[in-house]
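Numbering (my numbering), first residue to last: 55 to 530. We put the CB at the ideal spot given by N, CA and C, even for glycine. Just so it is clear, the structure is predicted and the values come from calculations on it, not from any experiment. Accompanying notes for the structure given below.
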Ligand code: IFM
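Next comes the structure, spelled out in structure tokens:
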């Protein structure tokens with residue numbers, strides 16, 4: 055039996071493993087007009103009719119800005135030893151230029167102090183999609199200057215929090231920022247221009263590189279800097295050359311386009327060929343690849359479901375499903391020849407197939423891609439239609455099974471030689487799920503949006519036992 059298929063029982067993790075949960079600023083904070091914060095692209099987008107389900111916005115979200123002390127206390131009660139959150143750029147540097155707003159930074163100082171006081175290790179993400187609107191008005195991520203603005207912002211936050219936060223993530227899922235934001239338009243700022251999306255991807259890479267240098271210039275050397283990628287785990291429908299070529303293209307457009315320059319200092323040649331109908335990449339200037347190719351201390355991997363593709367020219371089985379929202383515009387530039395198929399199996403409320411083997415494959419892929427680099431699962435989780443019982447309790451056995459399956463896959467990868475140091479469940483609590491609004495619940499903690507009452511679901515209790523013992527409890 056290959057080692058990866060062998061059960062590891064009991065499913066016990068290394069003693070220093072981080073048991074965390076993740077959130078992001080716009081999805082939980084609310085308080086969008088307080089203490090000097092100005093609109094981000096998500097404020098503008100969510101307030102534009104028709105862009106989010108039910109017209110939902112992050113104006114109030116789950117009011118974490120005012121309830122952060124209770125939320126940290128809840129995490130401590132659940133026995134979490136790590137928490138990944140993001141800083142809202144327009145809260146600390148409202149127009150994306152100029153001096154920092156101390157009131158904004160003070161919020162994050164207080165949050166970090168509260169976490170440290172509770173024995174919870176903070177991990178800061180600098181950019182989880184909330185670009186200051188003024189920077190979008192000046193051209194947004196397709197514009198090179200945005201990368202320089204990001205480095206300035208990174209330095210400010212590094213100066214403010216670098217003494218007390220060790221783990222830093224420059225960007226969360228730059229694929230979403232570039233391709234959902236600028237190609238399919240289902241995310242802010244809602245543009246539908248594939249060439250702009252590819253330019254955005256390059257400038258996000260540049261922002262990561264410049265931001266990494268800026269952070270390191272002001273922080274203690276012990277701190278760890280990395281980023282979180284959501285490279286698709288691409289599976290071809292068959293081993294026929296056309297299906298393999300389709301898989302290669304989507305792998306380049308979701309993975310190689312980021313990890314190529316970041317880990318290896320070069321974009322894949324096959325990416326240039328595939329995107330030639332859309333862009334000539336002339337915005338990649340001399341020196342950019344070296345600027346992007348900074349040594350990393352860690353890499354974050356976000357995983358939800360695999361992606362099944364085939365050549366669009368043949369006869370295809372089953373329904374099409376690319377899992378990235380409703381739009382007449384594809385997020386995948388120059389990929390009209392690729393068909394996205396529904397992966398067989400049980401699905402979550404997002405329509406995403408549950409397949410923990412994809413997480414194992416992803417971890418092993420990056421173990422090969424970046425030997426020796428510590429890995430973190432910086433997001434993994436599932437949305438289900440969780441409803442409180444008459445007594446107020448919330449039972450989510452599907453999420454317990456999802457977590458058990460995926461954490462077991464992480465453990466198998468560790469047994470197979472991967473250096474995975476921690477896992478951040480997405481998400482700590484129900485929140486604003488972007489274009490889906492509040493309709494999709496990813497939380498281990500249920501939030502009643504009318505009263506803002508928090509109720510740990512059975513998955514939170516299950517995860518708490520795992521965090522306390524370092525061993526996965528059985529799935530009942
Ligand atoms: O809610 C998002 C998160 O903001 C980024 N990664 C995927 C999650 C679920 O869609």
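Please list the terminal residues of the continuous alpha helix (DSSP H) segment that includes residue 144.
Unbroken alpha helix (DSSP H) run through residue 144: 143-146.
Where residue 69 and residue 174 are concerned, what is the direct C-alpha to C-alpha distance, given to the nearest angstrom?
Cα to Cα, the separation comes out at about 15 Å.
So residue 431 is in the alpha helix (DSSP H); what residue range does that whole segment cover?
Where residue 431 is concerned, there is no enclosing alpha helix (DSSP H), although the beta strand (DSSP E) it sits in stretches over 429-434.
Keeping to the same chain, check which residues put their C-beta closer than 6 Å to that of residue 246; ignore five residues upstream and five downstream.
Hits under 6 Å: 239 and 383.
If you run the structure through DSSP and keep just helix, strand and coil, what is residue 336?
Reduced to three states, the DSSP call for residue 336 is coil.
For residue 498 and residue 479, which I take to be in contact (beta-carbon distance under 8 Å), what is that distance rounded to the nearest angstrom?
The Cβ separation is near 6 Å, so the contact holds.
Return the Cβ separation of residue 311 and residue 255 in integer angstroms, given the expectation that the two are a contact with Cβ distance under 8 Å.
Between residue 255 and residue 311 the Cβ distance is about 5 Å, and since that is below 8 Å, they are a contact.
What residue from 389, 226, 249 and 395 has the CA that sits closest to residue 432's CA?
Here the closest residue by C-alpha is 226.
Would you say residue 496 touches the ligand IFM, meaning its beta carbon is less than 7 Å from a heavy atom?
Answer for residue 496: yes, Cβ within range of the ligand IFM.
Can you list, in chain order, the residues of its chain with a C-beta nearer than 6 Å to that of residue 130? Leave out the 5 residues immediately preceding and following it.
So the list reads 172, once near-sequence residues are dropped.
Please report the straight-line C-alpha distance between residue 475 and residue 369, rounded to a whole angstrom.
Going from the Cα of residue 475 to the Cα of residue 369 covers about 43 Å.
Keeping to the same chain, check which residues put their C-beta closer than 6 Å to that of residue 133; ignore five residues upstream and five downstream.
518, 521 and 522.
Sort 505, 293, 229 and 437 by Cα distance to residue 484 and report the nearest one.
Nearest of 505, 293, 229 and 437 to residue 484, Cα basis: 437.
Using three-state DSSP, classify residue 222 as helix, strand or coil.
Strand, per DSSP.
What does DSSP give as the partner residues of residue 289 in its beta bridges?
Answer is 362, bridged to residue 289.
If we require 4 or more residues per run, which alpha helix (DSSP H) segments fall completely within the segment 412-499?
Complete alpha helix (DSSP H) runs here, min 4: 451-469.
Is residue 336 buried or exposed, if buried means 16 or more other CB atoms sit within 10 Å of its CB?
Residue 336 should be labelled exposed.
Within 7 Å: the Cβ of residue 81 and any heavy atom of the ligand IFM?
Checking the Cβ of residue 81 against the ligand IFM gives yes.
Quick check: does the Cβ of residue 100 come within less than 7 Å of any heavy atom belonging to the ligand IFM?
No, Cβ of residue 100 sits at least 7 Å from all heavy atoms of the ligand IFM.
At which residues does the beta strand (DSSP E) containing residue 99 begin and terminate?
Counting along the chain, residue 99 falls outside any beta strand (DSSP E), though it belongs to the alpha helix (DSSP H) covering 95-100.
Please confirm if residue 265 has its CB atom under 8 Å from at least one CB of chain D.
Of the chains in the structure shown, none is chain D; there is only one protein chain.
Alpha carbon to alpha carbon, how far is residue 167 from residue 470? Give it in angstroms, no decimals.
When rounded, the distance between both Cα atoms is 37 Å.
Can you give the beta carbon distance from residue 529 to residue 448, rounded, assuming they're within the 8 Å contact cut?
Wrong, their Cβ atoms sit about 17 Å apart, outside the cutoff.
For residue 344, count neighbouring Cβ atoms within 10 angstroms of its own Cβ and tell me buried if that reaches 16, exposed if not.
Classification for residue 344: exposed.
What residues in its chain sit with their C-beta under 7 Å from that of residue 302, if we drop five residues either side in the sequence?
Taken in chain order, the residues that qualify are 324.
Could you have a look at residue 502 and say whether DSSP puts it in helix, strand or coil?
It is a strand residue.
Taking just the CA atoms, how far does residue 135 sit from residue 196?
Approximately 38 Å, taken between the alpha carbons.
Determine the DSSP secondary structure at residue 71, reduced to helix, strand or coil.
Here residue 71 sits in coil by DSSP.
Regarding residue 182 and the ligand IFM, is the C-beta to nearest heavy atom distance less than 7 Å?
Yes, Cβ of residue 182 sits closer than 7 Å to a heavy atom of the ligand IFM.
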